[in-house]
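K.L.:
Under the UniProt record's numbering, think of the first position of the sequence shown as 1, with each following residue one higher.
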Amino acid sequence: MAFPYIDTPRTEYDGNATYLTAGFRSAGRQHLSALDSLENSFQTPSKDNDVIKGFDKRVTPRPGAASKSTRSALRHLPSTAPEKGEFTPLMKSATKNNLLRNMSAARGTDGPKTPGYQRETHRSNAHTPGLPAMDMSDIYEEDRTMEEATPVPHAASSSAQSTPLPGYSGRNGGVLGEGGNNLSLKDQAMAIDQLSKVNFSLKLRIHFMEEQLQKAGPEYNNEALKENRELKVLRLTMQRDISRYRKSLQQAEKDLEDYQLQLVELKEKSWREQADQTVQREMDMMREELESRDLELREVRDELRHTKDTKSQDTEKLRDEIEDLEASSREKDRLLEEREEEIEDLKRNAEENGAASELQLELDRAKEQIQELHDSLARANSETRESQDATRQAIEEKDRAEEDLRELQDEMSNKSFVTKGLSRQMEDRTEKLEEEIRGLQRENDALTTELESKTNHAALLEERYQTIQHGLEDNANQLVEDLDVARRDRDQARQDLRTTSTRLQEALDELQRGTDEKELLQTRHNALTNESGGLQLELDRAQSRIRELQKAVQDATSRAQDEGHNIRWQHKAELERLQEEIENLHHEIEEKEGRFAVDQSRWESSKRTLQSEKEWAEGQVADLKRTIDTLQEAGSSYSGKESRLQEAIDSEKKRYTQEKSMLNRQIQDLKDDLDKTRRDLDEKRDELLTAKQDARVSRREEQALVDKVRALEDEVIVLQSSLADEQELAKGRQNGASDLDKNLEKSIAERQKLRDQLANAHVEIFDLKTSVQEIEAERIELQAQLDRVQNADDTSRFDRDKLELRKTVTRLENELQVLRDAKSSLEDQLVSESERFVSEEGRLSAEIDRLQDKLLAGSGNRDRELTSAKTKVQRLERRAQELEALLEQQPVVEYEQSGAHGDLSLLRHSLEEARKREKILLQRESKQKTSAQTYKSRVEELEKDLHDAMMNKFESHSPHNSPSNKLHEELRSLRKQVAEAHRSLQKVNTKNRELERAAMKEEDQKDFHELLRSSTLEAESLALKLSEREARLSELKTHVRRIREERDAHKREAEAATKNLDLLQRRHDEILEKTSLSKSTSKTKHEKEIRGLGKEIIWLRARLQREEKFRRDLAWSKGLMELGERVRVACNDADLRMISEMGVHARDRAPVRTPRHKLKSAISLVRAAVRMQKMSSDWKRTKKLGEGLKRAKTEMLKRRDSSNKSLLGQ
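#1: Assuming contact is defined by CB atoms lying nearer than 8 Å, are Glu590 and Leu689 in contact in what I supplied?
#2: Determine the direct distance from the alpha carbon of Glu450 to that of Arg365, and round the result to whole angstroms.
#3: So, is Val1040 buried or exposed, given that buried needs 16 or more other C-beta atoms within 10 angstroms?
#4: Please report how far the alpha carbon of Arg392 lies from the alpha carbon of Arg464, in whole angstroms.
#5: On the three-state DSSP scale, how would you describe Thr448?
#6: Taking the beta carbon of Val1127 as the centre, do at least 16 other beta carbons fall within 10 Å, making it buried, or is it exposed?
#7: Could you check the C-alpha separation between residue 1219 and Val1170 for me, to the nearest Å?
#8: Check whether the Cβ atoms of Thr500 and Leu335 lie closer than 8 Å to each other.
#9: Quick test of your reading: Leu674 and Ser605, contact by CB under 8 Å. State the CB separation rounded to the nearest angstrom.
#10: In angstroms, rounded to a whole number, what distance separates the CA positions of Tyr895 and Gln703?
#11: Sorted by chain position, which residues of the same chain lie with C-beta nearer than 6 Å to Ala1102's C-beta, five sequence neighbours on each side aside?
#12: Taking the alpha-carbon positions, what's the Glu994 to Glu519 distance?
#13: Can you round the beta-carbon distance between Leu537 and Leu1033 to whole angstroms, since I take them to be within the 8 Å contact cut?
#14: Beta carbon of residue 1279, beta carbon of Arg559: below 8 Å?
#15: Is the region 1188-1203 touching the region 1086-1097 in the sense that three or more CB pairs, one from each, lie closer than 8 Å?
#16: Using CA atoms only, rank isn't needed, just tell me which of Thr810, Leu195 and Ile667 is closest to Glu683.
#17: Are Arg655 and Asp623 closer than 8 Å when you measure CB to CB?
#18: Would you call Lys671 buried or exposed, if buried means 16 or more other Cβ atoms sit within 10 Å of its Cβ?
#19: Please look up how many angstroms separate the CB atoms of Leu433 and Arg235, rounded, as I've assumed it's under 8 Å.
#20: What separation, rounded to the nearest whole angstrom, lies between the Cα atoms of Ala998 and Lys551?
#21: I believe Leu497 touches Glu289 by the beta-carbon criterion, under 8 Å. Please report the beta-carbon distance rounded to the nearest angstrom.
#22: Is Leu585 buried or exposed, if buried means 16 or more other CB atoms sit within 10 Å of its CB?
#23: Exposed or buried, what is Met285 when buried is set at 16 or more other beta-carbons lying within 10 Å of its beta-carbon?
#24: According to the neighbour-count rule (16 or more other Cβ atoms, all chains shown, within 10 Å of its Cβ), is Met238 buried or exposed?
#25: For Leu1063, name the three-state secondary structure that DSSP assigns.
#26: Determine the DSSP secondary structure at Gly1143, reduced to helix, strand or coil.
#27: Taking DSSP as the reference, what is the three-state secondary structure of Ser184?
#28: If contacts are defined as beta-carbon pairs under 8 Å, then Glu403 and Leu231 qualify, I think. What distance do you get, rounded to the angstrom?
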């Protein structure tokens, strides 16, 4: 029977292994609570006082006795090799058993030795009773297990439920007789031979049974199941492939039908489209020709109406020609109708024939699709071949499985030790395998039939493909023939159309010759009268066109200027508001950073104090352990205990003072480091604030300078417009040629104005881009700072944030240094440019003074000086434009903008001064001209007054009364003579005046002819200039359009920026709310975190202590149990051997427990129960604490995730 052994942890791998989790389990251990996994013990059992080693000496152990040689255990072994016997399974073990059995008699002749009582120092534990030392050299030999009644625990390969030991075939199942006396030597030899035979037969049976179990074990079953699974997988894959092939064939058939339908539809569609397109083109051409002929007829009729009154003969001829042309047009209409009928016939023919080219393309496509179907059929054939190969492999595997099954059946039939259960199980398995093989055969047959059907279907598809291909080729040939016929018809129609077109062209040529003759007569008649009028009209049209263009440009520029002003002011207000918000956010972030730095320093100080306390406590624990060890070591020798204790106390005091001084030094060093870091942080924060303040001040100054520059630009534009108006007024008093100059100057001024506006628009766009980039950068920085503020609760990121702050401080310092360098360089450039502009201004002022002197000296040189001044102004304007272009091409730096705008403002100021002086000169000139005109009018009035006065004088001096008639008559005659003289004088004067007028008129005519000649040249130049101006205006319009598009884009960007700012504002408000809430809870939260850390430390310590105690107790109990088991086995062997040697029968091993033992076990059980209850209650408290910590941690993580999600969602 199987004896119940104490279930202990197995030691086949490691004698000191402990099981703490669900891992390795021993043979008898099925329910483990906390002792589950294989772990290294904290404490190994002591090997100083090993009882087993003392048993090997076969004498009473003595302290200080020298150990014998290790070869003493081999003194009874034979020096020669054993004889070779008959070969049987397990012969080596049988030979070994016989040899050991024969040697047992030699070992028994020495006689037993009474073991001596162990001393105090040889005991392994105070609770272990003293046991005698015995010889344990043959404790694990097999002959003892066969001969003795008390069994020995088996190795780890067996268990308490292993094969039972055979019973002895004797009189009493032993080697003793009935009377308790020893048997004779012969009987003992017979019993021993019988036992060895039984043992050998049992071992043979065990050997063959193990072989059979190995063959019929789970490995073979696993192989069979694996083969079955593979066959099933192959079957399923083949079924799936066949279904997929079937679907692909069905899809191919459907695609073929669809392609055929699409081919027919495409044929019809292509035919319709081609016919419609050709007809439409021809109709359009005919319509265009008719319209052109109608226009020509209308023109001819209009011309005939004009010349109807003067030239009747020509009108009659023209009427005849018109009638002929109308007849020809009617003929053309009739031809067009015939062509339309022919086109309709061609349509019908095209409907019958179709477009062969499109059909050829469709045929090619169909051929490609059929080729693809061929490829798919080839793939299907290859897949069917693969499936056939797979089925062939499955059949081969099935044959191999049948052969293996037959071999197994043969082996099973040859085996004689197979039980009925195994045979039944193997029969069931064979039946299942045969059924599966039959099913696979059926599936294989079905697959072969399906494969044959698929091959037949593929052959049918191939035949259908051949027939379709032949039909398509026939259709293609027919279509090609029809296409040739249609092409011939089309060529014939085109030839007819060419003939009609030639006839129509001849009629048009005749009509053109008639109109040419009429125009020649009309031009001869009206050449001299219409030349000047045409030129004047052209000039008027050019001037009106120029005025319209100038008005349109003025309207566009005014609108662009108004819109630019509105957008500029809106952006300015928006930027100011955003700047204020950003400054407020900066201030709030700086305050939060300060509070964060204070909290961080406080937390770091508390962390350092806790760390120092923890290290001090660990040092205290280590010192206490050392003192306990020293006290335990000192406890063995009572004499030196007090001295050692005193030494330990002194060393402890000394160590305590040293540690105290060391901790004080560390605390002082930490305080110094903390103060230093705080001072550094304060300095860096102050520097950062000053740098930010300087940046804000520089931005404001830059904005103010930009506003000033814009205001100056607006003033320059206004002055330019006023200057242009004054120039127009000054030139309006001159002749027609000066009007043209005025228009040219006005266009130049408008062009300059547009250029200035474009430059301003570019500057504004550039400023907007830079402001948008700055806003974007500030938004990114604010977002990063907000993220840092949000993550400020996470204490693990304090050091990272500190490093980021240091990096930002260094980066801002570098940027500040770069900006300062740029500022200094720009200031140098500004000084040099200002000096150059001052010198240029002085030179310009000297030039203007010189021009004024020349103007005062002689009025004849005014025009030349004005032109030189204009050229000077234009040169300055070109210089300003070049400087503006250079300014736009320069790299953009914040301080460079202010310097460039300053240069531009100086240039524009000098330009403004020059224009003012030019305006003064023009005003002086106009005043002088008006004074000259007044003087001329005054001279004419004085001449008239003189003439009237002379006439009055002559009339007043004439006598009214005379003394005699003679005198009266003489007076009358004299008066008549005087009057006639006056009249002749007046006639002479009038003739002189008429002659002067005629001379003046001739001169005027000559001047007029010269003026006409010059005006024609100027008109041609003006036409060129107008074309250039129109091109420039188109360019300006494109520029204006581009500016508007950029303005709209900037509007959109500004709207996006406003949206982003609103989003930032909302986030900022939310963060303010959160920070306002977190201000009140930050202290309590920190305290809660500290309490949580303390609880977590307590929890971890409790877990550590519990695990250490478990492992220590387990190691100790394991060693104790192993030692007790060995001692019990040794004692049992010694007792049995002594009893057998004395010839006493072994009595029943019924366990007899005394009341004392029962009480002792009950007390130990109660103590263990109380201890376990106490430990379980402690563990419950610590477990509850750990669960609370887990819940708090999970809630904190959930809150953090929800806050991050809400921020990301916004």
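Think of the CB as a built atom: it goes at the ideal place given N, C-alpha and C, for glycine as much as any other residue. Fair warning: this is a prediction, and the values are worked out from it, not measured in the lab.
P.N.:
A quick look at the data gives this:
#1: Along the sequence shown, read from residue 1 onward, the residue named residue 590 stands at position 590. Along the sequence shown, read from residue 1 onward, the residue named residue 689 stands at position 689. Contact flag set, yes.
#2: Your numbering for residue 365 matches position 365 in the sequence shown. Your numbering for residue 450 matches position 450 in the sequence shown. Distance between the alpha carbons of Arg365 and Glu450: 32 Å.
#3: Position 1040 of the sequence shown holds residue 1040. Buried: at least 16 other Cβ atoms inside 10 Å.
#4: Within the sequence shown, numbered from 1, the residue matching residue 392 stands at position 392. Within the sequence shown, numbered from 1, the residue matching residue 464 stands at position 464. Between the alpha carbons of Arg392 and Arg464 lies a gap of roughly 32 Å.
#5: The residue given as residue 448 occupies position 448 in the sequence shown. Helix at Thr448.
#6: Along the sequence shown, read from residue 1 onward, the residue named residue 1127 stands at position 1127. By the Cβ neighbour-count rule, Val1127 is buried, with 16 or more other Cβ atoms within 10 Å of its own.
#7: The structure shown does not extend to residue 1219, since the chain is modelled only from 1 through 1210, so no value can be given for it.
#8: Locating residue 500 in the sequence shown gives position 500, counting from the first residue. Locating residue 335 in the sequence shown gives position 335, counting from the first residue. Judged by beta-carbon spacing, Leu335 lies within the 8 Å limit of Thr500, meaning their Cβ atoms are closer than that value.
#9: Stepping through the sequence shown from its first residue, residue 674 is reached at position 674. Stepping through the sequence shown from its first residue, residue 605 is reached at position 605. The beta-carbon distance between Leu674 and Ser605, rounded to whole angstroms, is 6 Å. This is short enough to meet the 8 Å contact definition.
#10: Here the question's residue 895 lines up with position 895 in the sequence shown. Here the question's residue 703 lines up with position 703 in the sequence shown. Residue placement at Tyr895 is poorly supported in this model, since its pLDDT is 41, which falls under 50; the coordinates still yield a value, given next. Answer to the nearest angstrom: the Cα atoms are 11 Å apart.
#11: To locate residue 1102, count along the sequence shown from 1; it is residue 1102. Shown here for Ala1102: same chain residues with a beta carbon closer than 6 Å to its own, the five before and five after excluded, namely Thr1182 in chain order.
#12: Within the sequence shown, the letter at position 994 stands for residue 994. Within the sequence shown, the letter at position 519 stands for residue 519. One C-alpha to the other measures close to 40 Å.
#13: Here residue 537 refers to the residue found at position 537 when the sequence shown is read from its first residue. Here residue 1033 refers to the residue found at position 1033 when the sequence shown is read from its first residue. Rounded, the Cβ-Cβ distance is 23 Å, inconsistent with contact.
#14: The structure shown does not extend to residue 1279, since the chain is modelled only from 1 through 1210, so no value can be given for it.
#15: Contact between the region 1086-1097 and the region 1188-1203 is present, with at least three C-beta pairs closer than 8 Å.
#16: The residue you call residue 683 lines up with position 683 of the sequence shown. Of the listed residues, the one whose Cα sits closest to Glu683 is Thr810.
#17: Start at 1 with the first residue of the sequence shown, and residue 655 comes out as number 655. Start at 1 with the first residue of the sequence shown, and residue 623 comes out as number 623. Yes, they are a contact pair.
#18: Within the sequence shown, numbered from 1, the residue matching residue 671 stands at position 671. The residue in question, Lys671, is exposed, as its Cβ has fewer than 16 Cβ neighbours within 10 Å.
#19: As a position in the sequence shown, residue 433 is number 433, starting the count at 1. As a position in the sequence shown, residue 235 is number 235, starting the count at 1. No, Leu433 and Arg235 are not in contact; Cβ-Cβ is about 15 Å, not under 8 Å.
#20: In the sequence shown, residue 998 corresponds to position 998, counting from 1. In the sequence shown, residue 551 corresponds to position 551, counting from 1. Approximately 43 Å, taken between the alpha carbons.
#21: Your numbering for residue 497 matches position 497 in the sequence shown. Your numbering for residue 289 matches position 289 in the sequence shown. With a beta-carbon spacing of about 11 Å, Leu497 and Glu289 fall beyond the 8 Å limit used to define contacts.
#22: Position 585 of the sequence shown holds residue 585. That one is buried.
#23: Residue mapping note: residue 285 aligns to position 285 of the sequence shown, counting from 1. With fewer than 16 other Cβ atoms within 10 Å, it is exposed.
#24: For the purposes of this step, residue 238 is taken as the residue at position 238 of the sequence shown. The residue in question, Met238, is buried, as its Cβ has 16 or more Cβ neighbours within 10 Å.
#25: Position 1063 of the sequence shown, counting from 1, holds the residue named residue 1063. Three-state DSSP puts Leu1063 in a helix.
#26: Taking the sequence shown and counting its residues from 1, one reaches residue 1143 at position 1143. Taken through DSSP and simplified to helix, strand or coil, Gly1143 comes out as coil.
#27: For the purposes of this step, residue 184 is taken as the residue at position 184 of the sequence shown. Judged by DSSP in its simplified three-state form, Ser184 adopts coil rather than helix or strand.
#28: Numbered from its first residue, the sequence shown carries residue 403 at position 403. Numbered from its first residue, the sequence shown carries residue 231 at position 231. That pair is no contact at about 15 Å.
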